[in-house]
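Okay, so the first sequence: first residue is 2 according to our numbering, each after it adds one.
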Amino acid sequence: MFSEINLDSHLHGNDRTKIGADILDERYDPQTVELKWQKRWAERNLFRTEADPAKKKFYCLEMFPYPSGKIHMGHVRNYAIGDVIARYKRMRGFNVIHPMGWDAFGMPAENAAIKEGIHPAKWTYENIAYMKKQLNRMGLSYDWDREVTTCSPEYYKWNQWFFLKMYEKGLAYRKSSFVNWCPSCATVLANEQVIDGACWRCDTAVIQKQLEQWFFRITNYAEDLLRACDGLKGWPEKVVLMQKHWIGKSEGLEADFRVDGTNDKIRIFTTRADTLFGATFVCIAPAHELAEKLVSDKKALNKIKEQYGKEDEKIGLFTGHYAINPANDEKIPIYIANFVLMEYGTGAIMSVPAHDQRDFEFAKKYDLPIREVIIPASNEPRATSHELTEAFEEDGILANSSSYSRLRSDVARAEIAKFIEKKGLGKKVVNYKLRDWGISRQRYWGTPIPIIYCAKCGAVPVPENELPVILPEDVKFTGTGGSPLKESEKFLNVPCPKCKGKARRETDTMDTFVDSSWYFIAYCLKNGTGDWGFGIGNKKNANPQPLNPKPIDYWMPVDQYIGGVEHAVLHLLYSRFFTRVIKDIGIMGFDEPFTNLLTQGMVCKETLKCPEHGWLFPEEVKEDKCTRCGKPVERGRVEKMSKSKKNVLDPDHLINRYGADTSRLFSLFAAPPERDLEWSDQGVDGSYRFLNRIWGIVYKYRCQKLKPNSSLVTRHSSLLLRKTHQTIKRVTNDIEREYHFNTAIAALMELVNDITSFEPKTDEDWKVFRFSIEALLLLLSPFSPHIAEELWETIGNKASILEQRWPSWDEDITKEDEIELVIQVNGKVKAKLLMPTGLSDEDIKQKALEEPKIKEATGHKAIKKVFVVKGKLVNIVIGD
RNA sequence: GCCGGAGUGGCGGAAUUGGUAGACGCAAGGGACUUAAAAUCCCUCGUCCGCGAGGUCGUGCCGGUUCGAGUCCGGCCUCCGGCACCA
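Here's what the structure looks like:
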């Protein structure tokens, strides 16, 4: 009965007196308890894990933080969720790896350097030290021996090594491309740093500047990444869908339109080859190679270039030239159009205004012909002449298309493509929205790109045995003139690795997404200090041989990844890409890094706004009035916690006031993990009360001695025993069923309610009572580990609760011996009856019909049918 | 515009396969203890009607399927998220 919990040592009277171990304070003081256990866990290094092929592993991973200075409530939630999973799996007998590290390169460190004159390294490492304290104060079960810090040379050396491998394979290459450029700061900005077309720091208008940049050829993996999406069974569908859309595969046809009177051809891309006969003009992007040649009015062309990509208006410029439609040899005008993207397809399109809404709008504006070539298949009678008000974009039946008329769109697409291919005028192609990944950043605080430029030899990779290329620390931060690396003569001037002549280093650094694309693999390799196990980087073994891949093979892939949805595309896609590349390098044997993904919701809170002073902190409001001006405060919407809206909560304050156990418990109880969580100060009080009640129960019985009485099992104690088994079952199932911690905690609260009202008297009562409390503490321990440990020890257990097995339940004991049977008449509840379980359907039916209330309800009406749902209800259907 | 997701008491949320709507918690109201307050404990708590027993309506709106719908189907409305001239 008590199979999983070893109760033997507690079943005898003299042991049970240990409940009275007089070490427990009456008052629950989370600070004392939590610091005590954090110290003990650290001293025993209990969270350290080693690869052990004899044990089943579980890799639990939370997205590592950027060391911005302090953790925020989003981290608290993320890491609380991860910690419950790690602790639960550990108790289930898995060899759990649960690592943590720092996404330590990035702009804020550099901005701090510019603004406050602190070196980015100092700033970063100080932040890491503080945040690490905060995480430990939360009682998170990390194996810190595996900690990685991406700004350390021992980490970014491998970024550089991967870069070189990719360069060898042609997966890293250089090309010219447009970037967001702030002329005032003289630097490149990421997309999210451009706010309403201006620099987020100095508000200068951002321009598009052409720069030579390094790219990773992620498009080589587009098809693989897309196809493998269907295998991501453990990911939220939403995220998989977002990835699919991002990759954006479309199949179509490329076809050449000759420029009339020249030898030039315009190659267009279309997914609608069936509408080829409806093309009435051709549009090319302003940056298309033929644009300059075809347009004589350079001023007009430049104007269009300025309007490129502006969504509000479609602007076109007639080139004065005509193209020949390869299908029917028709002469149609060529336009430069601002809405045609150079980056997608061929930078040129055929325009079919009758069947494409964008072309339709353009044709209307410039008064171009609209020719219908697709008729809806529904075959509704159509007016012979009618004014089109919008394009018909669906498939249908072809018309006005020579011999293809009357074919269905899908058939015609194939036939027309065949025709074009046969004539050598084009081919079927597949296009992706996914672009190659531009990784160059004109920034200091990142991984130096290991390339040297030589006037004679061109771009030369740094030899592997010279890695890492160290980021120099003695540089000046001015905030102007671009990367400080450009001014560092020591860094800049190097001999060419090939010809030993004068050469210069690349001064761009890598996008920080490179760092986070493989850190989960780094955790496996790292185990304290020492070699990371790739087996390269020393001169004796310049030819890299993958040594000792065992830890990766053992630990990877990640069994459960937890983080915010904001990374649904970029980080997760880059990581999938990197994993494939590393596999192709030959280091490991799998291509999907994350088996299961949990995207947790945001942490939100009510906002407060004063009509005069704007957003307010809660402490700036007294009795619904602004403390500064006395004006009534508007209680705004519940929104994601953000500093700008002042609806934030500092985890330090929270933990100082309530402790880590309460903070964790509430953030897990208030909502299921994938949903947004609305923070409620009163709700936290509720969780705190709950832990206090548990403390109170154990305290109350601390001095109780066993009073031997009868050994009869009282009804009372059998009820508590059942409730305990039911709770073990519910909590286990709720955790297993997509981590529904909120309902698991609700079940624990119910059990505590029952334990509170239970007063043990008999021998058996005490046995059950103890069993219930032990079960409660074990079930509570993943959520609120410190108090669970403390009370576990108090009731006389020597070993840490961390080393206990998760309790199991006895299905027979969970079963109720009486059920409340609902009796409905025509689907409406009329009575509820207590009945013993195990009655036959016929007996149940009889009892239901005999019930006076039911007799009353049915009256003399004919009983048409009776439905019996086992253990639930009876529905009696009567006539009118 | 397109693609997702969600709408349940005063609030956060439960309801696992179509079978008692509102578990658990918060807030609120009442009571006990206390000189008093806090803390704690007990009771009430979807709506409307009724002194009561009891009944009525009720899961965004309209309709459908079913003995029975928060759950399934069709059509809307609102909110949130993602993508957004990708030819």
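Quick reminder that beta carbons are idealized off the backbone N, C-alpha and C, glycines included. Remember, it's a predicted structure, so these values are computed and weren't measured experimentally.
If you draw a straight line from the alpha carbon of residue i to that of residue j, how long is it in whole angstroms?
i	j	result
I814	S785	27 angstroms
E843	I864	15 angstroms
N264	F282	19 angstroms
L548	L574	Residue confidence is low: L548 scores 44 on pLDDT, short of 50, so the model does not pin down where it sits. No coordinate-derived value is stated.
L254	G75	47 angstroms
Q32	R442	45 angstroms
G118	V649	28 angstroms
V260	S410	28 angstroms
V515	D104	10 angstroms
K250	K429	14 angstroms
E737	K829	35 angstroms
M243	E857	58 angstroms
V77	S782	17 angstroms
H1	V570	There is simply no residue 1 to check, as the chain begins at 2 and stops at 881 in what is shown.
E488	T205	24 angstroms
M64	E465	30 angstroms
K794	Y700	The sequence shown places Glu at residue 794, rather than the Lys named in the question. Roughly 12 angstroms separates the two Cα atoms.
L87	P100	Note that residue 87 corresponds to Ala in the displayed sequence, not to Leu. Between A87 and P100, the C-alpha separation is close to 10 angstroms.
Q561	A413	47 angstroms
How should residue i be labelled, buried or exposed, when 16 other C-beta atoms within 10 angstroms of its C-beta is the threshold for buried?
i	result
L214	It should be pointed out that residue 214 corresponds to Gln in this sequence rather than to Leu. With 16 or more Cβ atoms within 10 Å of its Cβ, Q214 is classed as buried.
Q211	exposed
E27	exposed
C186	buried
H654	exposed
Y152	Per the sequence shown, the amino acid found at residue 152 is Cys instead of Tyr. Buried is the call here.
K90	buried
I877	buried
N494	exposed
F618	exposed
V85	buried
G880	exposed
P184	exposed
T838	exposed
H356	buried
H1	Shown here, the chain extends from 2 to 881; a query on residue 1 therefore has no answer.
A364	buried
P449	buried
P66	buried
D360	buried
A523	buried
Would you mind giving the Cβ-Cβ distance between residue i and residue j, rounded to the nearest angstrom? I have them listed as a contact below 8 angstroms.
i	j	result
F759	H726	The Cβ separation is near 15 angstroms, so there is no contact.
P469	P154	5 angstroms
W680	K647	That pair is no contact at about 13 angstroms.
W810	R93	Between R93 and W810 the Cβ distance is about 14 angstroms, and since that is not below 8 angstroms, they are no contact.
I'd like to know whether the C-beta atoms of residue i and residue j end up nearer to each other than 8 angstroms.
i	j	result
E852	L834	yes
F521	I219	no
E362	A400	no
T320	L342	no
V463	C497	no
Q1	N96	This structure leaves residue 1 out entirely; the chain is present only between 2 and 881.
F393	P377	yes
V769	F691	no
L426	A256	yes
L165	P451	yes
F248	L233	The question names Phe, yet the displayed sequence has Ile at residue 248. Their beta carbons are not under 8 angstroms apart, which means I248 does not touch L233 by this criterion.
R436	A349	no
L722	I756	no
D509	C605	no
I440	D512	yes
Length-filtered (3 minimum) beta strand (DSSP E) runs lying within the stretch 349–374: 349–352
Residue ranges of each beta strand (DSSP E) run of no fewer than 3 residues wholly in the stretch 792–829, ordered along the chain? 819–826
Ordered list of beta strand (DSSP E) runs contained in the stretch 200–266, each at least 3 residues: 208–217, 250–260
Residue ranges of each beta strand (DSSP E) run of no fewer than 3 residues wholly in the stretch 560–628, ordered along the chain? 561–565, 598–601, 604–611
Hey, which unbroken runs of the beta strand (DSSP E) at 3 residues or more fall wholly within the stretch 470–504? 494–496
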